[in-house]
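Below: the structure, in structure tokens.
There are 6 protein chains.
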Amino acid sequence: MSLFDESFSIKSLKKMLTKHDKPYLDVELSDKSGNVKAKIWNDALDKYEDSTEGDIVEVTATVENYNDNLQLRISSLKKTNEYNLSDYQAVSARDIESMVEQVNQAIESTKNKFLQKLLKNVFTKDFLKDFSESSASYRIHHAYKAGLIEHVTEMLVMADSILVRYPKMNSDLLRAGILLHDIGKIKEYQTNTSITISTQGKLLGHIFMGAEYVKAQAPKDMPELLLDEILHLVLSHHGQLEYGSPILPKTPEAITLAALDNSSAKINSSYMAIHETDSDDEFTVYYRHLGTELYRSPYMDSLTNEDVPF
Amino acid sequence: MSLFDESFSIKSLKKMLTKHDKPYLDVELSDKSGNVKAKIWNDALDKYEDSTEGDIVEVTATVENYNDNLQLRISSLKKTNEYNLSDYQAVSARDIESMVEQVNQAIESTKNKFLQKLLKNVFTKDFLKDFSESSASYRIHHAYKAGLIEHVTEMLVMADSILVRYPKMNSDLLRAGILLHDIGKIKEYQTNTSITISTQGKLLGHIFMGAEYVKAQAPKDMPELLLDEILHLVLSHHGQLEYGSPILPKTPEAITLAALDNSSAKINSSYMAIHETDSDDEFTVYYRHLGTELYRSPYMDSLTNEDVPF
Amino acid sequence: MSLFDESFSIKSLKKMLTKHDKPYLDVELSDKSGNVKAKIWNDALDKYEDSTEGDIVEVTATVENYNDNLQLRISSLKKTNEYNLSDYQAVSARDIESMVEQVNQAIESTKNKFLQKLLKNVFTKDFLKDFSESSASYRIHHAYKAGLIEHVTEMLVMADSILVRYPKMNSDLLRAGILLHDIGKIKEYQTNTSITISTQGKLLGHIFMGAEYVKAQAPKDMPELLLDEILHLVLSHHGQLEYGSPILPKTPEAITLAALDNSSAKINSSYMAIHETDSDDEFTVYYRHLGTELYRSPYMDSLTNEDVPF
Amino acid sequence: MSLFDESFSIKSLKKMLTKHDKPYLDVELSDKSGNVKAKIWNDALDKYEDSTEGDIVEVTATVENYNDNLQLRISSLKKTNEYNLSDYQAVSARDIESMVEQVNQAIESTKNKFLQKLLKNVFTKDFLKDFSESSASYRIHHAYKAGLIEHVTEMLVMADSILVRYPKMNSDLLRAGILLHDIGKIKEYQTNTSITISTQGKLLGHIFMGAEYVKAQAPKDMPELLLDEILHLVLSHHGQLEYGSPILPKTPEAITLAALDNSSAKINSSYMAIHETDSDDEFTVYYRHLGTELYRSPYMDSLTNEDVPF
Amino acid sequence: MSLFDESFSIKSLKKMLTKHDKPYLDVELSDKSGNVKAKIWNDALDKYEDSTEGDIVEVTATVENYNDNLQLRISSLKKTNEYNLSDYQAVSARDIESMVEQVNQAIESTKNKFLQKLLKNVFTKDFLKDFSESSASYRIHHAYKAGLIEHVTEMLVMADSILVRYPKMNSDLLRAGILLHDIGKIKEYQTNTSITISTQGKLLGHIFMGAEYVKAQAPKDMPELLLDEILHLVLSHHGQLEYGSPILPKTPEAITLAALDNSSAKINSSYMAIHETDSDDEFTVYYRHLGTELYRSPYMDSLTNEDVPF
Amino acid sequence: MSLFDESFSIKSLKKMLTKHDKPYLDVELSDKSGNVKAKIWNDALDKYEDSTEGDIVEVTATVENYNDNLQLRISSLKKTNEYNLSDYQAVSARDIESMVEQVNQAIESTKNKFLQKLLKNVFTKDFLKDFSESSASYRIHHAYKAGLIEHVTEMLVMADSILVRYPKMNSDLLRAGILLHDIGKIKEYQTNTSITISTQGKLLGHIFMGAEYVKAQAPKDMPELLLDEILHLVLSHHGQLEYGSPILPKTPEAITLAALDNSSAKINSSYMAIHETDSDDEFTVYYRHLGTELYRSPYMDSLTNEDVPF
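Chains as they are written, first to last, in our numbering: chain A, 20 to 329; chain B, 20 to 329; chain C, 20 to 329; chain D, 20 to 329; chain E, 20 to 329; chain F, 20 to 329.
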């Protein structure tokens with residue numbers, strides 16, 4: 020089995036040495052449908068023409084099977100500049116424009132003037148563009164372009180159903196917390212032809228980066244306690260210390276934010292897992308973050324319209 | 020400090036012996052505002068006129084303080100039959116009739132005929148009466164009369180916000196799962212003048228009791244796999260083995276049900292904790308099930324109408 | 020190295036697509052000595068003649084080594100109907116007839132008439148046949164044909180040694196609990212040419228399936244509390260919530276049942292691990308369920324008769 | 020309520036200072052039926068006549084109730100030398116002589132000459148006397164005089180039922196392991212008028228003390244590997260690192276020993292918990308080491324003879 | 020037993036209502052030797068003259084014993100302004116001046132100009148004053164005035180011993196990390212007449228507060244990666260997610276910082292626990308953060324000079 | 020890619036059977052730079068000339084890549100006796116003589132005569148030779164020849180910095196504990212051409228073996244309590260039960276010893292991980308014992324002298 024001049028984006032590319040000092044390249048390629056690992060051995064290294072991560076390349080290779088996963092032994096790899104970016108990256112099935120509109124509406128309807136000012140300071144036009152293109156995670160949930168804004172607007176919809184039942188909850192705080200809780204991910208993940216984690220993201224994490232940015236953008240006259248509450252929402256949103264929140268949620272709004280974040284992530288990740296491979300098997304493989312395999316039930320879809328996103 | 024002829028319900032009453040064989044009574048009394056422990060020592064035993072758990076009694080006692088909690092030393096305890104039940108039990112602040120109506124509507128709108136028949140078999144008129152009066156837990160969340168139906172209808176509202184965003188989810192399965200997931204609690208908890216756990220509840224737990232009841236009420240011609248899926252929803256709804264689910268959720272609907280159950284319980288429990296004592300302190304005591312104390316923020320309420328339930 | 024027309028049973032067979040849409044088959048074959056993975060690549064697919072799981076097939080293949088495990092690249096696979104089933108399945112080394120006799124004797128010697136009636140309702144002739152052929156688990160302990168009845172009769176023998184020392188223990192309850200605790204496994208596992216887990220087993224688990232069946236078979240006039248106690252034994256027999264029991268053992272009989280179940284499983288699994296590979300190494304590989312590797316001591320066997328099962 | 024000249028043994032006695040430097044005594048008294056805490060305040064100190072731990076004393080006191088436990092305020096405490104030791108210590112209900120006989124028989128029937136010699140070196144006449152009087156734990160299981168030998172002989176009986184079903188298991192190793200596994204407890208616990216833990220026991224633990232003693236008593240010509248295996252049995256018998264075994268069980272005999280130790284302890288502790296208070300309540304208090312409360316079932320006893328020990 | 024006009028500082032003071040709406044005060048008093056709880060009941064409330072937390076008061080009270088702890092029933096409480104602060108607060112036994120000098124020396128000897136500038140921006144004269152007076156924790160370790168600087172300079176001394184053995188380690192990064200890692204505690208704890216935790220400290224935690232302050236004080240031209248490394252040191256210094264670090268240490272310097280922080284805290288906490296009560300008992304009470312009781316060994320002190328601090 | 024007559028030491032060599040009874044050899048080879056796995060298949064077995072573990076062999080092989088690791092398919096393997104041992108084993112970069120001197124000095128400076136005698140009994144000339152050549156672990160930290168003495172002398176240096184700040188700590192106990200805590204490793208690990216774990220090491224563990232040896236070497240007239248304290252130091256030095264210490268540290272010296280052991284191991288392991296592969300990648304692979312990947316910072320080295328060991 021072999022490939023001839025098929026195109027991929029380069030997700031990662033590392034120069035390696037064998038134990039006996041022969042150079043080779045360890046490469047991960049990706050297209051819209053997923054990732055595949057590849058090797059460029061010594062004798063093919065001259066076919067490697069200075070491509071780097073993020074490049075779109077045309078590959079000629081033979082297909083090998085390691086450990087039930089395919090791997091390519093590349094004989095030729097050529098960078099190309101003629102391509103359609105949308106062929107190489109997964110992207111939200113929802114309309115990005117209308118999700119941006121939802122975000123703007125949530126900001127406009129904020130009654131507390133300090134919170135609204137803070138939100139406007141953060142969500143500038145440029146910021147909102149980055150925000151609307153970022154992934155919400157590396158792999159687990161909403162892990163595609165515009166996944167972050169999909170996740171956030173999903174939580175805004177859920178929040179309405181909570182506020183209907185708990186009308187004494189501070190809706191301004193809850194909605195501002197939802198909008199701001201994951202903004203650190205814009206710097207943590209780089210969502211280009213594939214999703215990667217930045218060095219800064221690995222050293223600092225999105226929770227600190229987000230909270231620090233919120234503090235830096237706060238209006239000078241904002242009451243300190245109000246700012247502390249919104250920072251508390253960002254810092255505690257993972258809900259448990261072992262999930263990376265340095266502080267546990269201590270207000271109804273913080274507990275609600277953590278519950279909605281968890282619900283949105285879990286539900287989305289269940290569909291990502293079920294659709295990850297085009298398999299007809301009843302059960303998926305075991306997923307560690309879910310603690311189980313998932314069931315592809317015949318009752319799974321209540322609709323017949325295949326164009327509807329999950 | 021002393022009480023003279025104040026009335027309580029008896030939450031529990033145990034005959035005890037001191038180490039040196041003197042009989043005494045260990046009593047827990049409750050009214051709408053909470054519980055208080057009491058002792059009837061040897062010399063007052065003749066004032067004890069065969070009252071039992073659930074009775075409403077008039078008490079004369081002196082107040083003592085043990086370990087920062089008040090305790091009564093009872094000198095007289097008389098059963099009374101002239102009382103208003105609502106003075107002794109906490110009850111949902113929501114209108115029970117309209118919550119019953121929500122449940123009926125959810126049943127009527129079920130499109131799958133087998134699921135609808137199953138729901139109608141379960142939710143008979145008598146069952147629905149018990150269902151609408153039960154508490155949802157012993158202490159943690161929705162722990163008051165009609166707490167169970169409040170919890171379930173709250174989840175139905177949240178479910179709508181999920182279904183809007185995940186239209187391929189099987190709405191019949193999700194809603195039937197919400198209606199059925201906690202029905203075992205009707206037999207697990209006894210919600211009279213106070214909330215107690217039944218012997219059967221302690222030996223079997225509401226998860227088994229509920230799933231077994233669902234299976235017993237299933238229409239004879241219901242497809243076995245469809246029944247298995249609805250049983251899977253009931254069995255897995257605690258989301259983790261260590262929380263008492265014998266099986267982990269393996270479908271998007273089961274993962275969603277567990278997430279909504281957890282969200283509703285956590286949010287409600289945060290308000291119960293904050294309001295448990297009439298204190299003006301900034302922070303509550305430490306709650307083990309939350310892993311922290313809670314903060315009584317000045318920004319906690321966004322409304323001024325004190326009549327709105329939380 | 021290659022195989023020519025060697026016969027196996029098909030443990031599983033999945034249609035797969037490569038990332039580039041070429042069909043291939045992922046197969047697991049087994050014989051009495053264990054399992055081996057195999058692939059049927061594109062160019063050999065026409066040699067695949069509609070065999071399915073459970074079939075006995077003759078295979079021609081080349082042997083490859085992936086990750087220290089052998090894997091077959093199949094060039095031909097033919098279904099056969101002429102075979103001896105016992106060549107393909109592992110089976111208990113104990114006499115099945117005499118184990119069935121032990122079960123019947125335990126039922127007959129039950130003094131409590133309700134428990135005895137319940138046991139007779141469950142252990143009908145047909146049921147006992149299935150019961151005597153089932154495996155006790157997928158892989159860990161007593162994982163072979165008639166493993167379940169071997170496990171249960173082993174626990175009956177151990178129970179006698181407990182009852183000798185704790186004569187106040189309710190022997191009827193303990194023995195009935197032993198007989199019934201794992202009956203859900205008959206539907207959870209399918210023990211044919213190889214051991215598989217049913218869809219129902221994955222969605223509901225043997226603990227619920229067993230307890231529900233016990234309740235359904237209970238005599239109508241059985242005292243409710245006695246039935247609850249026997250259900251409690253079935254539900255709590257894994258001993259810990261994180262092992263899938265929805266309720267913790269709360270009676271001496273339930274605590275004893277969980278201890279005997281654990282002891283029998285652990286001891287048997289130690290021998291299965293030690294004998295799993297025909298190796299002369301001092302230590303086995305690391306077993307996650309034991310948390311360690313095992314030692315093949317020269318003092319391991321105190322007998323020289325190799326015909327005695329472990 | 021008050022006591023006049025009732026006698027107890029002193030379980031512990033500590034000289035304390037109040038925050039403002041007044042001396043007082045913190046005392047724990049015990050008799051056969053249990054323990055009670057007491058205080059000797061400043062004004063009664065002159066009534067304290069140099070009694071120490073282990074003394075039998077006559078006490079005059081008033082009874083107070085702290086935190087649902089009784090506590091004595093002692094006004095007079097006098098040492099007495101006229102008493103019957105058996106009134107002050109709980110003791111096994113089994114015949115000690117016949118249990119000693121069981122131990123001797125197990126030693127005599129050991130076929131391996133090195134193991135038998137080792138056992139004889141350890142179980143000298145003096146050692147066997149201490150062994151037959153020691154408790155098996157401070158509080159949890161077999162926590163009474165002769166509890167250790169009761170626990171060990173109980174495991175010997177259970178071992179027979181395992182060896183019947185696993186005849187290849189090395190019976191000499193298993194039985195020697197059972198006899199030796201807890202011998203460190205003789206120095207860890209002091210079982211006099213009450214059970215206490217020695218300083219050495221707290222610093223070293225019975226697992227090290229026992230294994231070290233076994234090594235010191237080994238015959239000089241014993242094969243090193245055989246000694247290592249018996250040491251391995253002692254060191255690994257708690258079955259898990261977090262229970263204080265420095266090494267996990269790695270042989271079938273070690274896994275069996277840990278399972279029997281756990282079974283015997285759990286079963287005995289269930290009866291100790293149920294009988295700890297003379298209560299008619301359906302459920303006991305919550306026990307942390309069991310993770311639950313226990314149920315006092317009406318089906319608990321299958322015998323009517325109240326003289327039979329549990 | 021009673022107190023007459025003894026003086027304390029008020030650690031906390033809460034207005035409470037009994038279940039039956041009588042007001043009372045829950046008070047915690049402290050002096051140099053520790054804390055004591057107290058109640059002011061209804062009939063003594065008029066003796067309460069608007070004192071608040073931090074005040075020094077003269078108290079007349081009777082002493083009661085609840086649960087082995089003393090508690091005061093206050094009959095009179097008067098604020099006083101004539102007192103010596105050092106009588107009410109515990110303080111480091113080391114010379115504060117020379118510890119400040121150590122800090123300054125560490126800053127001066129920093130070779131990297133960006134790190135030195137950052138340190139000078141942070142450690143202004145005013146900041147250094149607060150820094151040198153703060154406690155290092157609420158209760159566990161170095162929990163006294165100047166405990167924070169004692170902890171930090173202790174770590175600087177230990178760092179030298181690491182750098183001697185690992186000369187390739189970046190000493191500037193390590194020392195700067197030590198100086199900065201706990202600066203958030205200045206705002207988290209308030210070290211006046213007693214140690215309290217601020218509202219901001221409970222909502223944000225010292226790890227975020229410290230890291231955010233470091234980022235805000237960074238020189239504008241500092242390389243971003245160098246700043247990220249120093250922020251990484253602050254964020255990861257608790258060493259584990261469940262201890263509240265949002266990120267795990269990923270550099271040798273970060274791993275070293277977490278190890279030194281843990282070592283200094285553990286060693287100091289062992290002495291605090293041993294000296295907490297003036298008891299001659301061999302063993303202290305059980306400490307949850309150490310997982311054990313501690314031993315007051317006769318070999319504990321190798322010096323005879325009682326003036327040397329631990 | 021292929022190797023021709025390159026030399027390695029044999030780390031392990033196992034005779035295996037394929038599922039179809041063909042013999043083959045599973046081999047692990049090592050040289051100073053690390054390990055590589057290899058297979059000798061059926062057709063090359065005659066080239067295998069009775070080499071065993073520890074032999075130095077010359078190998079001809081083709082290089083294959085399994086799962087991102089290289090593996091050799093050996094066509095010829097010949098034992099050789101002409102080699103330089105230092106080419107095959109990793110060794111500490113520190114001067115062994117001077118580390119031995121440090122150990123001797125610590126022994127000589129011990130003031131307590133019993134402890135000094137004990138140390139001299141243990142550290143005989145022969146023992147010290149073994150001690151100075153042993154590795155401190157199998158893989159994690161100081162995992163090379165003379166790694167144990169490097170680890171111990173590193174801890175002695177750190178101890179000085181603790182003793183400066185905690186002058187009341189018993190320096191004799193702490194230093195003796197450091198010298199003795201890991202002596203069981205001399206028998207647990209075999210540090211020849213590669214590091215292996217002995218059968219005794221796997222069955223007993225170095226903690227028991229070390230403590231037992233200390234007890235056996237104690238002077239006859241040593242006070243029992245002093246010996247118990249030094250044994251407590253050895254037994255508790257892993258600091259937590261789940262790390263294999265049968266007892267938790269209960270003295271300041273034991274808590275300090277555990278903290279220093281952990282610090283030295285963690286710091287050294289961070290450098291071992293970073294240098295394990297000759298990669299220029301920013302981040303290493305994920306290390307389970309550290310819970311994370313590590314960062315190869317450009318600020319990692321503050322020195323330019325490449326000859327300085329880490």
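From the three backbone atoms N, C-alpha and C, an ideal C-beta is built for every residue, glycine too. What you are looking at is a predicted structure, and each value in this text was computed from that prediction instead of being measured.
What do you reckon, are the CB atoms on residue i and residue j nearer than 8 Å?
| i | j | result |
| --- | --- | --- |
| C:Gly17 | C:Ile266 | With chain C running from 20 to 329 in the structure shown, residue 17 of chain C is simply not present. |
| D:Lys98 | D:Glu72 | no |
| D:Ala278 | C:Ile286 | yes |
| F:Val110 | F:Ala162 | no |
Kindly list the residues whose CB is nearer than 6 Å to the CB of residue i, restricted to its own chain and excluding five residues on each side of it in sequence; keep chain order.
| i | result |
| --- | --- |
| A:Gly220 | Glu207 |
| F:Glu325 | Below a pLDDT of 50, predicted positions are generally treated as unreliable, and F:Glu325, at 48, falls in that range; no measurement from the model is reported. |
| C:Leu252 | Gly196, Ala273, Leu276 |
Which whole-angstrom value describes the C-beta separation of residue i and residue j, a residue pair presumed to lie in contact below a C-beta threshold of 8 Å?
| i | j | result |
| --- | --- | --- |
| E:Ile159 | E:Met174 | So it is not a contact: roughly 16 Å between Cβ atoms. |
| B:Thr270 | A:Tyr314 | 5 Å |
| F:Val210 | F:Ser154 | Note that residue 210 of chain F corresponds to Thr in the displayed sequence, not to Val. Going by Cβ atoms, the distance from F:Thr210 to F:Ser154 rounds to 4 Å, so yes, they are a contact pair. |
Near residue i, what residues of its chain come up, given a Cβ to Cβ distance below 7 Å and the 5 sequence neighbours on each side ignored?
| i | result |
| --- | --- |
| F:Leu245 | Phe133 |
Using a Cβ-Cβ cutoff of less than 8 Å, which residues in the same chain neighbour residue i once the five nearest sequence positions on both sides are dropped?
| i | result |
| --- | --- |
| E:Phe302 | Glu312, Leu313, Tyr314, Arg315 |
* Asked: What are the complete alpha helix (DSSP H) segments, minimum 4 residues, inside the segment 217-275 of chain C?
  -> 218-236, 243-254
* Closer than 8 Å, Cβ to Cβ, to anything on chain B: give me those residues from the segment 209-231 of chain E, in chain order. => Thr218, Lys221, Leu222
* Asked: the segment 185-201 of chain F: which residues have C-beta closer than 8 Å to a C-beta of chain E, in chain order?
  -> Tyr185, Pro186, Lys187, Met188, Asn189, Ser190, Asp191, Leu192
* Under 8 Å (Cβ pairs) to chain E, residues found in the segment 247-268 of chain A -> Asp247, Glu248, Leu250, His251, Leu254, Leu260, Glu261, Tyr262, Gly263, Ser264, Pro265, Ile266
* Asked: Just by C-beta distance, which residues in the segment 269-282 of chain D are closer than 9 Å to chain C?
  -> Lys269, Thr270, Pro271, Glu272, Ala273, Ile274, Thr275, Ala277, Ala278, Leu279, Asn281, Ser282
* Chain-ordered residues of the segment 143-164 of chain A with a beta carbon less than 7 Å from chain F -> Answer set for the segment 143-164 of chain A: empty.
* **Inside the segment 129-156 of chain B only - alpha helix (DSSP H) runs reaching at least 4 residues** => 132-141, 144-152
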